[in-house]
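**Q**
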Amino acid sequence: MVGKKKTIIVPKKKMICQVCGEREATFHSKEMINGQVKELHLCEICAKEKGLSETFFMPSFSLSNLMAGLTELEVPLSQETSVSCPHCGLSYEDIKRTGKIGCGSCYQALKEYLTPLLERIQGKVRHFGKVPRRGKVKDQRERRIYELRKELEKLVRKEEYERAAELRDEIRRLEKEK
Amino acid sequence: MILQEMANSASQWSRGDGPEGEIVFSCRVRLARNLEGFTFPPRAHDSVLRDVSDKVLNAVKKSDYLKNSRLINMSELSGTERRFLLERHLISLEFSAGGSHRFLVTEKGEMISLMINEEDHLRLQSILSGLQLMDAWRLSDKLDDELEQNLDYAFLPQWGYLTSCPTNTGTGMRASCMLHLPALVATHRIDELLKNISKLGLVARGLHGEGTKSQGDFFQISNQVTLGLGEEEIVDSVEIVTRQVVGQEKRAREMLLKRNGTQLKDQMGRAYGTLVNAYLMSSEEAISLLSKLRLGVSLHLSPHLSIQALNELFFMITPAQLQVKEGKEMAPLDRDGLRAKIIRERLGELK
Numbered sequence: 000m001v002g003k004k005k006t007i008i009v010p011k012k013k014m015i016c017q018v019c020g021e022r023e024a025t026f027h028s029k030e031m032i033n034g035q036v037k038e039l040h041l042c043e044i045c046a047k048e049k050g051l052s053e054t055f056f057m058p059s060f061s062l063s064n065l066m067a068g069l070t071e072l073e074v075p076l077s078q079e080t081s082v083s084c085p086h087c088g089l090s091y092e093d094i095k096r097t098g099k100i101g102c103g104s105c106y107q108a109l110k111e112y113l114t115p116l117l118e119r120i121q122g123k124v125r126h127f128g129k130v131p132r133r134g135k136v137k138d139q140r141e142r143r144i145y146e147l148r149k150e151l152e153k154l155v156r157k158e159e160y161e162r163a164a165e166l167r168d169e170i171r172r173l174e175k176e177k
Numbered sequence: 000m001i002l003q004e005m006a007n008s009a010s011q012w013s014r015g016d017g018p019e020g021e022i023v024f025s026c027r028v029r030l031a032r033n034l035e036g037f038t039f040p041p042r043a044h045d046s047v048l049r050d051v052s053d054k055v056l057n058a059v060k061k062s063d064y065l066k067n068s069r070l071i072n073m074s075e076l077s078g079t080e081r082r083f084l085l086e087r088h089l090i091s092l093e094f095s096a097g098g099s100h101r102f103l104v105t106e107k108g109e110m111i112s113l114m115i116n117e118e119d120h121l122r123l124q125s126i127l128s129g130l131q132l133m134d135a136w137r138l139s140d141k142l143d144d145e146l147e148q149n150l151d152y153a154f155l156p157q158w159g160y161l162t163s164c165p166t167n168t169g170t171g172m173r174a175s176c177m178l179h180l181p182a183l184v185a186t187h188r189i190d191e192l193l194k195n196i197s198k199l200g201l202v203a204r205g206l207h208g209e210g211t212k213s214q215g216d217f218f219q220i221s222n223q224v225t226l227g228l229g230e231e232e233i234v235d236s237v238e239i240v241t242r243q244v245v246g247q248e249k250r251a252r253e254m255l256l257k258r259n260g261t262q263l264k265d266q267m268g269r270a271y272g273t274l275v276n277a278y279l280m281s282s283e284e285a286i287s288l289l290s291k292l293r294l295g296v297s298l299h300l301s302p303h304l305s306i307q308a309l310n311e312l313f314f315m316i317t318p319a320q321l322q323v324k325e326g327k328e329m330a331p332l333d334r335d336g337l338r339a340k341i342i343r344e345r346l347g348e349l350k
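Respectively, the protein sequence lines represent chains X and A.
Just so we're aligned, residue 0 is where the first sequence starts under numbering that gives the first Met the number 0, counting upward by one.
Just so we're aligned, residue 0 is where the second sequence starts under numbering that gives the first Met the number 0, counting upward by one.
1) Since Gly103 (chain A) and Ile126 (chain A) are thought to touch, with beta carbons under 8 Å apart, how far apart are those beta carbons, to the nearest angstrom?
2) For Cys45 (chain X), which residues in the same chain have their Cβ closer than 6 Å to its Cβ, ignoring the five residues on either side in sequence?
3) Pick from A:Val323, A:Arg343 and A:Gly205: whose alpha carbon is nearest that of Arg87 (chain A)?
4) So which residues on chain A does Cys87 (chain X) lean against when the C-beta distance must stay under 9 Å?
5) Asn33 (chain A) touches chain X at which residues, Cβ-Cβ below 7 Å?
6) Between the Cα of Thr168 (chain A) and the Cα atoms of A:Arg29, A:Arg345 and A:Ala339, which residue gives the shortest distance?
7) Please name the residue or residues paired with Asn149 (chain A) in a DSSP beta bridge.
8) Is His126 (chain X) close to chain A? Criterion is C-beta to C-beta, closer than 7 Å.
9) Just to confirm the assignment: which complete beta strand (DSSP E) runs, minimum length 3, are found wholly within the stretch 202-261 of chain A?
10) So, under 8 Å CB-CB, Asp119 (chain A) and Ser163 (chain A) are touching, yes? Tell me the CB distance rounded to an integer number of Å.
11) What does Ala182 (chain A) touch in chain X if you count any residue whose Cβ is under 8 Å from its own?
12) Ignore the nearest five residues each way along the sequence and tell me which others in Gly347 (chain A)'s own chain have a CB closer than 8 Å to its CB.
13) State the start and end residues of the unbroken beta strand (DSSP E) segment that holds Asn57 (chain A).
14) Got a sec: is the Cβ-Cβ distance from Gln17 (chain X) to anything in chain A below 7 Å?
15) From Lys153 (chain X) to Leu256 (chain A), what does the alpha carbon distance come to, in whole angstroms?
16) Under 7 Å, do Thr105 (chain A) and Ser74 (chain A) count as touching if we go by C-beta distance?
17) Measure the C-alpha to C-alpha separation of Pro302 (chain A) and Arg258 (chain A) and round it to an integer number of angstroms.
18) Below 8 Å, can you find three or more Cβ-Cβ pairs linking the stretch 190-207 of chain A to the stretch 221-238 of chain A?
19) For the beta strand (DSSP E) holding Cys176 (chain A), just list the boundary residues, first then last.
20) Can you give the Cα-Cα distance for Glu19 (chain A) and Glu231 (chain A), rounded to whole angstroms?
21) With a threshold of 16 other CB atoms inside 10 Å of the CB of Ala164 (chain X), please say whether the residue is buried or exposed.
22) Hey, would you say the C-beta of Met280 (chain A) is under 6 Å away from at least one heavy atom of the ligand GDP?
23) Counting contacts by CB-CB distance shorter than 7 Å, is Leu117 (chain X) in contact with chain A?
24) Give me the chain A residues within the contact set of Tyr106 (chain X), using Cβ-Cβ distance strictly less than 7 Å, ordered along the chain.
25) Measure the alpha-carbon distance for Arg137 (chain A) versus Gly122 (chain X) and round it to whole angstroms.
26) Buried or exposed for Ala330 (chain A), please, with buried defined as at least 16 other CB atoms from any protein chain shown within 10 angstroms of its CB.
27) By the 10 Å Cβ neighbour count, where 16 or more other Cβ atoms means buried, how is Pro85 (chain X) classified, buried or exposed?
28) I want to know whether the stretch 180-191 of chain A touches the stretch 239-255 of chain A - three or more CB-CB distances under 8 Å.
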């Protein structure tokens, strides 16, 4: 016997967009970064405006967005807060506001501020990785050290310790020359 | 149209044929580089961005790795088309906002690609299937070597490669693995695990859906620090931790199968039933059901389905992918209808 059929579409609990506070939220993101949960519920229109959408496993909060908060904790070391980069004009204030560095020259012009900032973010402030081949003359030694280090790692993996020891000594000698 | 051609085939790395492919969806190494003497993109004027893109595109022309690549001008794309590239993991969220003098160069299999004038002048990446992070690094390294022959990078011996954001300074490298961890989620061990990973100086992220359950049970592990360590050292540390997580997920899967085998089969059967019978399917629901099915397939509970077929489905049903393939903008309800249809048909073919 066929009774009266009833189609039940169970609506999920409706949520209102966190940005406009009017439309129904259709974009939901809940992301956990190192144990902290961030929730976002937006309507289609606001999500689009923010460049977000229901993307498949795409983290929506980038590290750099958290940076602005991190730089806020940093206090400039000297009174010279008016110093700005001669190439792009970036100031301490700009970094504090945006968390971004303006150009390669900033790294030297604002060194006093950037060193503690990098230390805070990275822990160490001495590069240990790849060195471009086309660098300036003074960087050539760095490139050589980088290549030797890579070679050394390969030898250690192959357990060729004698040759590895020779390389290690050469790296030490080059590092002393710096 | 280039994008429609892309929409008709899956990226090579989504095939799931790499090592540990049942758990490690993909691995990726991206490098950030800037040109010496040019302001970084967020502060640069249009004329600087133009000069930079000219220089980089010139270097791309001379590259062997990018010989058969597609060149996409971001300013010529609609919002949906940009989101399509985002969903395929070819561009970042920031880049998807568009703008002039911004380009994407991608090799046909989409394993290596290059964003020009993102937050940094160059962002190059390699994505491989499964856990092959060291190979992904070597690929990125070689592409970088090749491009470098014609470009002068901003570099200081003390600080390495100079980048727009201080979280990238040094190696400019982010190495990450995308993992599918349904059994660790089901056995409630995931939160502690993620917390422990963060203690090791790595970043663990989970993309969560509604409620307490995470959406699709996908997680990403990546390095946090980019300065003071060598690239291979960083890759090793991400890979070692990923291997440990893979081992734990495997054990959790076996345990689930042994203790809750019937429940597991039931959940998988129900997921399958909904997927092959539904006429409306939101992307959230689809991802969550496909995730359940994927776990079952990896435990050989459903011999007619393959991990590869499921991986491809995950990417076929994202909102922009649907719209680019159809060649038109679609309302959410129409997308849900088309999504359900694609899943029904695809799973039907695989019966």
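Backbone N, C-alpha and C fix where the C-beta goes; we use that ideal spot for every residue, glycine too.
**A** According to the structure shown:
1) Note that residue 103 (chain A) is Leu in the sequence shown, not Gly. Going by Cβ atoms, the distance from Leu103 (chain A) to Ile126 (chain A) rounds to 14 Å, so no, they are not a contact pair.
2) Cys16, Val18 and Cys19
3) A:Val323
4) Thr38, Phe39, Arg42 and Ala43
5) Gly103
6) A:Arg29
7) Paired residues: none, contrary to the question.
8) yes
9) 213-222
10) 5 Å
11) Neighbours of Ala182 (chain A) on chain X: none; closest Cβ ~18 Å, over 8 Å.
12) Val275
13) Not the beta strand (DSSP E): Asn57 (chain A) falls in the alpha helix (DSSP H), residues Asp45 to Lys60.
14) no
15) 41 Å
16) no
17) 21 Å
18) yes
19) Met172 to His179
20) 20 Å
21) exposed
22) This structure lacks the ligand GDP, and indeed carries no ligand of any kind.
23) yes
24) Leu155, Trp158 and Leu161
25) 26 Å
26) exposed
27) exposed
28) yes
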